[in-house]
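The listed protein sequences derive, respectively, from chains R and D.
Be aware that the first sequence starts at -10, since it is given in my numbering, and climbs by one per residue.
Be aware that the second sequence starts at 135, since it is given in my numbering, and climbs by one per residue.
Every residue, glycine too, gets a C-beta built ideally from N, C-alpha and C.
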Amino acid sequence: MASTGVPSLDSLLGGDGYPDRSTILVVGPPGIGKEALGYWFTHSGLVQNDFCLYLTRLSSREVLQDVKAFNVDLTQRVPFWFSSDGGQVKFDVGDLSGLSFNLKDILKKNSTRRIRVVTDVLSSLLMLNQPDTIYKFLTQLFSDVKQYECVVVATIEEGMHPPNVLAAMQQLFDGVVELKLYEEGLRVLPLLRIRKMRGVTPQVGYYNFAFSKNGMELNAYAR
Amino acid sequence: MPDRADITAIILSAMGVASILVARFLLGGSGVIHNAVGVFGPLILFSLSSAPMFAYGAYWAFNVRRALAVPLYRRQAFGIGIIILSLWSTLAVSGDLPANLSLQVTAAISTVTFYFLFAVVFYWIDASILVSRRMDPLVRDTLYWSKIRIPIWIANILTWGSILLLAAYAELTGNLVLLNQLSTGNIQNEALLVVYNFPVVVLLCGVIFIPAIAIRSKWNSRLRMHFLWFAPSPAILLLLFFGVISGPSDFSGFILFLVVILVMGFTLYKSAKSLVPLNQISPQMTVNRVEPIAP
């Protein structure tokens, strides 16, 4: 198991975090804090001396600026950056074969360690390519990635893809964590739900979440 | 389909108009309203009748801001909330100042509210362009905004500061000529004219960005809706500026003016609310209780 970096989320997932050799999809609207789950997951991996790869369509400098807002320190222990600018490998959102080749190459070179991959490129890939192309690409990529001791956490934007595309993506991943905003009277509530998780009993509960200096706080949603 | 929050907004708008009609019924003719509550009458009536709608819109903007976690998106929500409040204060306070106020007070209020509105609109434009870039699949920088924004901010702050300092100087020294020029915009000095108009030119240039990023945001229906709902407000302001819609001169004019302003308030509320997709709480969600999580 790979700790999520958020103790309360680990508890929710049965105590130890995401399952081994799994692919996790975090769904939510822009700005809700999906990426924060990736930051804590990366930080937790770096502390445990896992090989952490951060694959982003942004520059590494921009991601580090966002990371600071969540009180996560990625400057002492740094992930391997696969980014549009400022990383060890340059990411080009239009080059699927290059992405696949580089990713497999990096994983192969670090196959002796436990690997964590965090990425925010999924929405961009879906917008710039046919959904079935990305579906096939991910199916192939995930089967290759799972040959290693690797956990992948990917984020996808809610409201930017047709529902059928989003449903197909959710079907492709082993686990789906959903972050959504709900309207309750005159309040806007951010709620988290584990839609599915391989090896974890299906859960029906919603959790109110908030970000603080200590990380993410989860509380069972009660009206 | 309007949801409960939308219906509340419509009710608040209707109550604004109804309160004026009730006031007229209780106080008599249109002239009586002006005379009965004194020279502050129109100001108070307009402020009270439009305040709930604008406050409600601002409340939703700050509500959305509070629910978001990423600073960039929070800034955009904060920007629209402050725009709603400053638009209301500009319209309610400086747009309808009583005639018996001294030039010092009128100039001070109109200069401060005018430039504050400029500042907050520019703040929102800046945040919106950055959000649009972040949401773009290719992370495209519209017209190199991320490179030019800092110099523009510095120049803007310098010009705002200069004008406010100049206004304060004119207030303290009682320079009525300068005060009059600043409050009316009829500046004689050429250098001062450039400084005075710089924020206006910058804001107009900023406004040009909005349709550009709205077109580029074809991927994101929420951002497009945000811009679409925002669009009527500048359009209404332009109609007011060019006199197509006149200010309140008689009772029917007052009602028409109020309705237009309330429509503006409603569209701004919708603009704030469309920043994020909001889901409805379903009964099933409250049936399945779970135990609190032990960290």
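Judged by DSSP secondary structure, R:P191 falls outside any beta strand (DSSP E); it is assigned neither H nor E. Cβ-Cβ separation between R:V154 and R:P179: approximately 24 angstroms, too far for a contact (criterion under 8 angstroms). Neighbourhood of D:A201 in chain R, by CB distance below 8 angstroms: I21, L170, V177, L178 and P179, in chain order.
Rounded to whole angstroms, D:Y249 and R:V142 show a C-alpha spacing of 46 angstroms. Look at the beta carbons and you see the region 176 to 194 of chain D touching the region 398 to 413 of chain D: at least three pairs across the two are nearer than 8 angstroms.
Looking at the DSSP output, R:A143 sits in a beta bridge with R:L14 and R:T108. Neighbours of D:A139 in chain R, taken as residues at a C-beta separation under 9 angstroms, are given in chain order as E172, G174 and L175. R:Y137 is not a Cβ neighbour of R:L168, given a cutoff of 7 angstroms. Between D:Q210 and D:A261, the C-beta gap is smaller than 7 angstroms, which places the two residues in contact. In the three-state DSSP reduction, D:F361 falls in the helix class (H, G or I). Taking each of R:T101, R:Q159 and R:V(-5) in turn and checking the Cα distance to R:G17, the smallest one comes out for R:Q159. Separation of R:Y196 and R:R182 (C-alpha to C-alpha, rounded to the nearest whole angstrom) is 6 angstroms.
Runs of the alpha helix (DSSP H) lying entirely within the region 63 to 116 of chain R and spanning at least 4 residues, in chain order: 85 to 98. Listed in chain order, the alpha helix (DSSP H) elements of length 4 or more contained wholly in the region 310 to 371 of chain D are 310 to 318, 324 to 350 and 355 to 364.
The contact set of D:S355 on chain R, defined by CB atoms closer than 8 angstroms, consists of G148 and M149 in chain order. Think of a sphere of 7 angstroms around the beta carbon of R:M186: no beta carbon from chain D falls inside it, the nearest being about 15 angstroms out. Among the residues of the region 75 to 90 of chain R, those with a Cβ less than 7 angstroms away from any Cβ of chain D are V82, in the order of the chain. R:R46 reaches chain D at V273, counting residues in chain order whose Cβ is nearer than 7 angstroms. Within chain R, no C-beta atom comes nearer than 7 angstroms to that of D:Y249; the closest sits roughly 29 angstroms away. When C-alpha distances from D:L264 are compared across D:L357, D:V328 and D:N309, the shortest belongs to D:L357.
Apart from the 5 residues on each side of it in sequence, D:A289 sits with its Cβ closer than 8 angstroms to the Cβ of F332 and V336 in its chain, given in chain order. R:C41 counts as buried, since no fewer than 16 other beta carbons sit within 10 angstroms of its beta carbon. R:P18 has a beta carbon lying within less than 7 angstroms of a beta carbon in chain D. From the listed residues R:T64, R:S(-8), R:R10 and R:L88, the smallest Cα separation to R:G4 is found for R:S(-8). The three-state secondary structure of R:L47, taken from DSSP, is coil.
Between the region 211 to 223 of chain D and the region 384 to 403 of chain D, the count of Cβ pairs shorter than 8 angstroms is three or higher; the stretches touch. Rounded to the nearest whole angstrom, the CA to CA distance from D:Q238 to D:G295 is 18 angstroms. For R:Q119, there is no enclosing alpha helix (DSSP H), as DSSP marks it with neither H nor E.
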